[in-house]
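Taking it in order: structure first as structure tokens, then the write-up.
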Amino acid sequence: MSIKKPIRVGFDMDGVLLYNPARIVRPLVSILKKKKIIHRKELQFFVPETIWQKTFWKFFHKSSLFVSPGMKQIEQLVKDGKIEAYVVTGRFGHLEKDTNKWFKKFNKNN
Numbered sequence: 039m040s041i042k043k044p045i046r047v048g049f050d051m052d053g054v055l056l057y058n059p060a061r062i063v064r065p066l067v068s069i070l071k072k073k074k075i076i077h078r079k080e081l082q083f084f085v086p087e088t089i090w091q092k093t094f095w096k097f098f099h100k101s102s103l104f105v106s107p108g109m110k111q112i113e114q115l116v117k118d119g120k121i122e123a124y125v126v127t128g129r130f131g132h133l134e135k136d137t138n139k140w141f142k143k144f145n146k147n148n
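Take 39 as the starting number for the sequence shown in the numbering used here and just add one per residue.
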């Protein structure tokens, strides 16, 4: 007799669990990088350090306004015991308050 274990699945917060309309800018940024208008090494990742950069980053992440339409299906898969869901995020520490707000909202539904 074999017991089926639920599959462990990690879901990214911004752009997967949360719908973020501001992400439509991403292809434009990619083009600007390829055209060398924005200078950045291939494996370099922007980390906000100044208060201005952190404020902009907070504002940008406020555009994660809505829970994604697929959230109901994820919740049903968890409820049915088919998956074990985990939230994966690369959000910076200065966004912790907003991130925790979303975690509370997610947990309220379960």
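Think of the CB as a built atom: it goes at the ideal place given N, C-alpha and C, for glycine as much as any other residue. None of these values were measured; they are calculated from a predicted model.
Annotated three-state conformation of D52 is strand, per DSSP. By the criterion of a C-beta distance shorter than 7 Å, F84 is surrounded by no residue of its chain, once the five residues flanking it on both sides are discounted. The beta carbons of V126 and D50 sit closer together than 8 Å. CA-to-CA, the gap between K92 and S68 works out to about 21 Å.
DSSP places V63 within a helical segment (H, G or I) once states are collapsed to three. The beta carbons of K110 and P44 sit no closer together than 8 Å. If you check the CB distance, F97 and Y57 do not come in under 8 Å. Rounded to whole angstroms, the separation of the alpha carbons of V116 and P65 is 33 Å. One Cα belongs to I62, the other to N145, and the distance between them is close to 28 Å.
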